[in-house]
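Note that numbering that gives the first Met the number 0 gives residue 14 to position 15 of the sequence shown, counting from 1, and the numbers run on in steps of one. Below: one structure, written as structure tokens.
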Amino acid sequence: MNKTAIGLTALGLAFVIAFLALQQPPASPGGATATPITSPTTTAATATSQPTTSTAEKPTETETLTATPTSTAQPPRVVYVPSIEVAVEAPGVINTTRLPIYVNYTIVIENSGNGTGVAVVDGVPYEIAPGQVVRIAANKTVWWAGEHPVEAVANGTRHVKAVKVYYYAPRLQAEPVYINATKLPANLTVTAKVSNLGNLTAWVEGVAVAPGETKAINTTITVEAAGSYYVKIGGVDVPVIVRYYAAGLDWRVGGPSDVEALPGETYAAWLWIKNTGNATANLSIEGKTAALAPGEELNITKTITVGAAGTYNVKFRVTGTLNVTLNHVIQVKVIVPRVEIVLWSPEVRRGWPPPNRTETTSLTVANKTVALAWGYVITTNATRRAVTLAVKGPGGVDHYRVAPGGAASKNYTETVQVPGEKTLEVRVNSTTYRLKVSLALTPPKVTVRDISRIEFTDSRRLLGLQLSCRVRGWEVSGNLDIVRVTGTLTYTPTGREVTGQITVNSADGTHTGDYNGTIEGGKGSLSLNVMGRNIYVEFATSPLTITKVLVDETPYSCNVPTQLVPPIFHREKPTATDEPATQYVFRLLTAFAKGDSDKPQSITWNGEYVEVVDKGGNVLRVYLKGEVVQIEGHLTATIHISQ
0 MNKTAIGLTA
10 LGLAFVIAFL
20 ALQQPPASPG
30 GATATPITSP
40 TTTAATATSQ
50 PTTSTAEKPT
60 ETETLTATPT
70 STAQPPRVVY
80 VPSIEVAVEA
90 PGVINTTRLP
100 IYVNYTIVIE
110 NSGNGTGVAV
120 VDGVPYEIAP
130 GQVVRIAANK
140 TVWWAGEHPV
150 EAVANGTRHV
160 KAVKVYYYAP
170 RLQAEPVYIN
180 ATKLPANLTV
190 TAKVSNLGNL
200 TAWVEGVAVA
210 PGETKAINTT
220 ITVEAAGSYY
230 VKIGGVDVPV
240 IVRYYAAGLD
250 WRVGGPSDVE
260 ALPGETYAAW
270 LWIKNTGNAT
280 ANLSIEGKTA
290 ALAPGEELNI
300 TKTITVGAAG
310 TYNVKFRVTG
320 TLNVTLNHVI
330 QVKVIVPRVE
340 IVLWSPEVRR
350 GWPPPNRTET
360 TSLTVANKTV
370 ALAWGYVITT
380 NATRRAVTLA
390 VKGPGGVDHY
400 RVAPGGAASK
410 NYTETVQVPG
420 EKTLEVRVNS
430 TTYRLKVSLA
440 LTPPKVTVRD
450 ISRIEFTDSR
460 RLLGLQLSCR
470 VRGWEVSGNL
480 DIVRVTGTLT
490 YTPTGREVTG
500 QITVNSADGT
510 HTGDYNGTIE
520 GGKGSLSLNV
530 MGRNIYVEFA
540 TSPLTITKVL
550 VDETPYSCNV
560 PTQLVPPIFH
570 REKPTATDEP
580 ATQYVFRLLT
590 AFAKGDSDKP
600 QSITWNGEYV
610 EVVDKGGNVL
620 RVYLKGEVVQ
630 IEGHLTATIH
640 ISQ
């Protein structure tokens, strides 16, 4: 039972006791007599079976009766009754300079009775002993000025007191300040008249401005230009109107804006400036002083030296009467050679390698030795001048003078071994250009009409597989790493069968188990015994989808990684008809891939076997031997071809 129920029960009992105590005590058995007190002269009357009546019309008559008491008088009963009084104490007036504020008040509960009582204030019961006073602190957020009630609800009764909140704040307004300036920018002392339209004294630049007052505020401001704008003086926005009387200057910058240049050449830009105002202009341009009278003008020239292609900013720094930095932009295109390395034979390949960089290309050829016929063609981006080039190739250095639109060229022949790489290099002046040619043998064509069985061992690890099952409403999960999978896959007239072993790592160690499975008609099953458990799954093959899971012959709702089913078991039979060996090997190894890291990354036919590097960095060799296809490396497999 909570405090509210206990309090209400005690209050109810107190009222019942008070009611019984106020009733007339019952007559004693055997006709006991009572002596009610009606007046000071009334005597006792003997009780009979009829009730005694008083005669209101004859107040002076008395009747003497003989009373024979038969019982003792009852002692007076003590009645305990609480008297709960509630009051709200709060300030009547609050003056503030900020809003919102908290209004703190106190709810006072006093029991002036002689019995313990309970007061429920805003849903919280308080048990109060006789004479006890309980004070409850409360507060209310006030967002605006005015009269606000603060209240308390005690035993269902609302007790309210009004609090008046007065808000005081200054409101400052400034008159416009007019300035006549003969020099800009300038620091000027001004007088601003600030009026306080609010109801609280404000301080502006150390000057007190009472409500209703207007004060003159002296301060220094920085004037940058003519015009109308606002400045802050002591936090007050003061409108400022600036009239400027000074010399006027007109200027222009110029020179070449787009040039073809050789490194080391110089180009000039110029500045023309004229005083169009009504006063002498005192200027300093690039460190040289000049006094321009009204109507006078001058010209300044400045040069730049080209070092590389790009944008050149010619700057003229002007100070004094005019403070400005003037720019003239010259776009410079540096004349550079454009080198094309051409592979003429055995196939035509063209490359334009960047300066001091290497471009790559690839070729497939039928023979292990091949003659590369190649050469270079060099042009320039010049449109108005000839360029002298020193070109170094396999035969030494040749010198050319290339006119705009012209070219320099030369051809070579070199013998290389396949497979392999050959870098063709040309050095023009001091810059090198390279074309790297990768040569591969043309792979033979492969025909695999049918396959009877595949024996394989895959030692490529697959990490972080998650197996989870829901058991009696709880989800149990764990991580597995596939360490090694071996097996024999046999193709039957109606489907396929597989048996083998799998090794996994889990949180409690390394485990090796066996598995077997069958596939017929697009559906299959796999039974796996590992970690002391039998996991039986049924699945659809297109796409691979787990449809049923039994753990120790008990159905479970499990999320079983499909990688536990050997990929080659459920994927398409790796047959081929007149297909390039590298393309067939790509499909074959993709059929074995448990995850992305097992997929082929690069494939090369070297004349004897297909060399493969998968995304995990494993190097595999695939031999095509007529009746079998043999895979060696971290994946070993023998594919038996049936005719």
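Beta carbons: idealized from backbone N, C-alpha and C, even for Gly.
For the putative contact between residue i and residue j, defined by C-beta atoms under 8 Å, what is the C-beta separation to the nearest angstrom?
| i | j | result |
| --- | --- | --- |
| V241 | A180 | 6 Å |
| V604 | L440 | It is worth fixing the name first, because residue 604 is Trp in this sequence and not Val. Confirmed, Cβ separation roughly 5 Å. |
| V364 | V417 | 6 Å |
| V176 | V189 | 5 Å |
| Y166 | L98 | 6 Å |
| R570 | A590 | 4 Å |
| G319 | S283 | 5 Å |
| R483 | T502 | 4 Å |
| T414 | E259 | That belief does not hold up - the Cβ atoms of T414 and E259 are roughly 42 Å apart, past 8 Å. |
Over what stretch of residues does the alpha helix (DSSP H) that includes residue i continue unbroken?
| i | result |
| --- | --- |
| I334 | Looking at the DSSP string, I334 is not in any alpha helix (DSSP H), and its letter there is neither H nor E. |
| L587 | 580-591 |
Taking all protein chains shown into account, decide if residue i is buried (16 or more other Cβ within 10 angstroms of its Cβ) or exposed.
| i | result |
| --- | --- |
| K182 | exposed |
| H398 | exposed |
| P35 | Confidence is the limiting factor: at P35 the pLDDT is only 36, short of 50, which leaves the residue's position unreliable and the question unanswerable from this model. |
| G625 | exposed |
| L634 | buried |
| A138 | This sequence places Asn at residue 138; Ala is not what is there. It is exposed - the Cβ of N138 has fewer than 16 other Cβ atoms within 10 Å. |
| N558 | exposed |
| Y622 | exposed |
| P393 | exposed |
| T581 | buried |
| P262 | exposed |
| K593 | buried |
| L196 | exposed |
| V239 | buried |
| P573 | buried |
| V92 | exposed |
| N94 | exposed |
| N410 | exposed |
| A224 | exposed |
| R495 | buried |
| V313 | buried |
| T304 | exposed |
| A209 | exposed |
Specify, as a first and last residue, the run of the beta strand (DSSP E) that residue i falls within.
| i | result |
| --- | --- |
| V92 | 92-95 |
| Y104 | 100-110 |
| H398 | 395-401 |
| Q629 | 627-631 |
| T431 | 430-440 |
| E84 | 83-88 |
| S227 | 226-232 |
| P74 | Looking at the DSSP string, P74 is not in any beta strand (DSSP E), and its letter there is neither H nor E. |
| I258 | The question names Ile, but residue 258 in the sequence shown is Val. Taken as a continuous stretch (DSSP letters only), the beta strand (DSSP E) holding V258 covers 257-260. |
| A118 | 116-120 |
| V239 | 235-243 |
| T219 | 213-222 |
| Y79 | Segment: none, Y79 is in no beta strand (DSSP E) and carries neither H nor E. |
| N322 | N322 -> no beta strand (DSSP E), and no H or E assigned at all. |
| N298 | 296-304 |
Tell me the DSSP bridge mates of residue i?
| i | result |
| --- | --- |
| P599 | D613 |
| N410 | G374 |
| H510 | V503 |
| H569 | None, per the DSSP bridge assignment. |
| W202 | A207 |
| T310 | Q330 |
| E339 | V376 |
| D457 | V484, L634 |
| S344 | A372 |
| K391 | V396, R426 |
| K421 | V436 |
| K367 | Note: K367 sits in no beta bridge, so no partner. |
| T643 | An answer regarding residue 643 cannot be provided, because it is not within the stretch 0 to 642 covered by the chain. |
Report the residue ranges of all beta strand (DSSP E) runs contained in full by the region 528-567; include only those spanning at least 3 residues, in chain order. Within the region 528-567, the runs of beta strand (DSSP E) at least 3 residues long that lie entirely inside it are, in chain order, 532-540, 543-550, 556-558.
In chain order, what are the residue ranges of uninterrupted beta strand (DSSP E) at least 3 long that sit wholly in the region 473-499? Restricted to the region 473-499, the beta strand (DSSP E) segments that are unbroken, complete and at least 3 residues in length are 473-490, listed in chain order.
Any chance you could list the beta strand (DSSP E) runs of at least 3 consecutive residues sitting entirely within the region 137-186, in chain order? Fully enclosed beta strand (DSSP E) runs of 3 or longer: 145-153, 156-166, 171-173, 176-180.
Hey, which unbroken runs of the beta strand (DSSP E) at 3 residues or more fall wholly within the region 247-289? Taking 3 residues as the shortest admissible run, the region 247-289 contains the following complete beta strand (DSSP E) segments, listed from N- to C-terminal end: 248-253, 257-260, 265-274, 280-284.
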